[in-house]
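Working notes for the structure below.
Protein chains: 2
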Amino acid sequence: MSHVNWVVSAREENGSDTGLVGRIDLGLDVDELAKATDDLLSRHPLIFDQTQQLAIQVRPGSTDPWYESCYQEKDIAPEREYAELNPELKGTYFEEVVARFPVPLFRTRLLALTSRTCYSVHRDETSRLHVAIQTTEHAPFVFVERNEVFRVPADGNAYLLNTTEVHTAMNGARTLRLHLVAGAELDPSR
Amino acid sequence: MSHVNWVVSAREENGSDTGLVGRIDLGLDVDELAKATDDLLSRHPLIFDQTQQLAIQVRPGSTDPWYESCYQEKDIAPEREYAELNPELKGTYFEEVVARFPVPLFRTRLLALTSRTCYSVHRDETSRLHVAIQTTEHAPFVFVERNEVFRVPADGNAYLLNTTEVHTAMNGARTLRLHLVAGAELDPSR
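Line by line, the protein sequences are chains A and B.
The numbers in the first sequence follow the working numbering, run straight up by one, and end at 930.
The numbers in the second sequence follow the working numbering, run straight up by one, and end at 930.
Structure follows, in structure tokens:
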């Protein structure tokens, strides 16, 4: 787990580590990522209500590459099968971003959260890596049973969130929150 | 402030007091309150998107008593003017509920929060008293700058929330959250 620097989130003032959030230092160019995202969304719009998503990684031979992985886990193929860069993204900054990670990624998606909405409180099967592309101080993750709040900063790094714990994400800002989210073989324990 | 028992919310395990939440023991009958609410909503529907509200207290002589107080503070009369029971509620359990408080209330409203929505992060002018009528473990207040999460239990008591701190409320459940909310001359400090 040497890729992950464990950070103290809500409990910072107590010096305790919640085990909920880790950081992978990537040094991505957030402006370039935002520009690549704008370009992409002008060609492929976000189509879902609330959980608006677009696939960065796809399954080989998919007939619906942009959206096939964008449903609930129970309704799609095993997450690890979405492991190839969407062919249309070759040569874009997304290719560089995916390659920058120190571990292989799967089911990488662009994920938008609309103003004044939140996800149903849930657990995921695995932890998730998040890179904030466009966000504010008012769009945190809330670990409901742990009473923890964590904001992913748009600082060019990836944050490993232990989303196997009961959680939601909310957007209390008036602007869209845009994240890159990916799966990876990383256990959120040291 | 002898009416308020200060409770430890998110920091319970540390034994510290956040100063964000207090409780007023009222011993209300939540089932009776839920039934009175059902009766009321069958006659006067909730009309707003997201912040669906209905006025329990009104201004004398209002021509739109049910909804006049249900806009943002900047768009309505001073909150303290909404201090009379809505005439149609005389003889209902709502009359008893308002009278049960040890301090005068104003701008008491029924407030619904739809599944998978949250309010814009904001501060209120004053603290607020909340009585949960219908809620779940997945519909907390989030004090965004304080990294605190608090769920109002549907236990027949009123909770004084220091909503002058930056906050939102979210509903990550699949059911409607229904609260009674009121203003009162209570300073959320001891």
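Don't be surprised by glycine CBs; every beta carbon is placed ideally from N, CA and C.
Under the three-state DSSP convention, the category residue i falls into
| i | result |
| --- | --- |
| B:V837 | helix |
| B:T908 | strand |
| B:E888 | strand |
| A:A780 | According to the sequence as given, residue 780 of chain A is Leu; it is not Ala. Note: A:L780 maps to helix in three-state DSSP. |
| B:L773 | helix |
| A:E808 | coil |
| B:E828 | helix |
| A:P893 | coil |
| A:A913 | coil |
| B:W746 | Note that B:W746 has pLDDT 49, beneath the 50 cutoff, so the model's placement of it is unreliable and the number below is only indicative. If DSSP states are grouped into helix, strand and coil, B:W746 belongs with the strands. |
| B:Q790 | For B:Q790, the predicted model reports a pLDDT of 47, less than 50, meaning its position is unreliable; a value from the coordinates is still stated below. Three-state result, B:Q790: coil. |
Under 8 angstroms by beta carbon: chain A residues contacting residue i
| i | result |
| --- | --- |
| B:S802 | What B:S802 touches in chain A: nothing, since even the nearest Cβ is about 28 angstroms away. |
| B:E925 | Within 8 angstroms Cβ-Cβ: nothing; B:E925 doesn't reach chain A, min ~28 angstroms. |
When the options are compared against residue i, the one with the closest alpha-carbon
| i | options | result |
| --- | --- | --- |
| B:E885 | A:H784, A:T876, A:D864, A:R886 | A:T876 |
| A:L773 | A:T866, A:V838, A:A913 | A:V838 |
| B:L916 | A:V921, A:F890, A:S860 | A:S860 |
| A:A898 | A:A922, A:G912, A:E821, A:M910 | A:A922 |
| B:S802 | B:Q792, B:A776, B:E821, B:P785 | B:E821 |
| B:L794 | B:D765, B:D771, B:L853, B:S867 | B:L853 |
| B:H784 | B:F890, B:A823, B:L850 | B:L850 |
| A:I796 | A:M910, A:E836, A:L901 | A:E836 |
| B:P931 | B:T903, B:N887, B:H878 | Outside the displayed span of chain B (741 to 930) sits residue 931 of chain B, for which this structure offers no information. |
| A:L825 | A:P842, A:F846, A:I873 | A:F846 |
| B:T857 | B:A924, B:T777, B:Q792, B:L926 | B:Q792 |
| A:L920 | A:R863, A:V770, A:K814 | A:V770 |
| B:G912 | B:L926, B:F881, B:L901 | B:F881 |
| B:A775 | B:P805, B:L918, B:P800 | A quick correction: the sequence has Lys, not Ala, at residue 775 of chain B. Of the listed residues, the one whose Cα sits closest to B:K775 is B:L918. |
| B:D864 | B:E819, B:Q874, B:V798 | B:E819 |
| B:V798 | B:V761, B:K830, B:H870 | B:K830 |
| A:I873 | A:P827, A:F834, A:D815 | A:F834 |
| A:T866 | A:R891, A:R840, A:P844, A:L901 | A:L901 |
| B:A909 | B:F883, B:D895, B:N887 | B:F883 |
Within chain B, partners of residue i - CB distance below 9 angstroms
| i | result |
| --- | --- |
| A:A913 | S860, V861 |
| A:V882 | P880, V882, V889, M910, G912 |
| A:E813 | Going along chain B, no residue has its Cβ under 9 angstroms from A:E813, so there is no contact; the nearest lies around 18 angstroms. |
| A:E819 | Within 9 angstroms Cβ-Cβ: nothing; A:E819 doesn't reach chain B, min ~22 angstroms. |
| A:E865 | Near A:E865 there are no residues of chain B at all, since even the closest Cβ is about 18 angstroms away, more than 9 angstroms. |
Neighbour flag for residue i against chain C, beta carbons, 8 angstroms
| i | result |
| --- | --- |
| A:T857 | As a matter of chain content, chain C is missing from the structure shown, whose protein chains are A and B. |
Opening and closing residue of the beta strand (DSSP E) in which residue i lies
| i | result |
| --- | --- |
| B:Q874 | 868-874 |
| B:L931 | Residue 931 of chain B cannot be examined here, being either before or after the span of chain B that is shown, 741 to 930. |
| B:I764 | 761-764 |
| B:L901 | 898-901 |
Proximal residues of chain A, C-beta to C-beta of residue i below 7 angstroms
| i | result |
| --- | --- |
| B:E772 | Those within 7 angstroms of B:E772 in chain A number zero; the least Cβ separation is about 29 angstroms. |
| B:E946 | Nothing can be reported for residue 946 of chain B: it is not among the residues displayed for chain B, which extend from 741 to 930. |
Proximal chain B residues relative to residue i, where beta-carbon distance stays under 7 angstroms
| i | result |
| --- | --- |
| A:E905 | Chain B residues near A:E905: none, gap ~13 angstroms exceeds 7 angstroms. |
| A:E808 | Under the 7 angstroms cutoff, chain B gives no residues; its nearest Cβ is about 23 angstroms from A:E808. |
Within chain A, partners of residue i - CB distance below 9 angstroms
| i | result |
| --- | --- |
| B:E824 | What B:E824 touches in chain A: nothing, since even the nearest Cβ is about 32 angstroms away. |
Proximal residues of chain B, C-beta to C-beta of residue i below 8 angstroms
| i | result |
| --- | --- |
| A:E835 | Under the 8 angstroms cutoff, chain B gives no residues; its nearest Cβ is about 33 angstroms from A:E835. |
Please list the segments of the beta strand (DSSP E) lying wholly inside the region 841-865 of chain B, counting only runs of 3 or more residues, in order along the chain. Within the region 841-865 of chain B, the complete beta strand (DSSP E) runs of at least 3 residues are 845-853.
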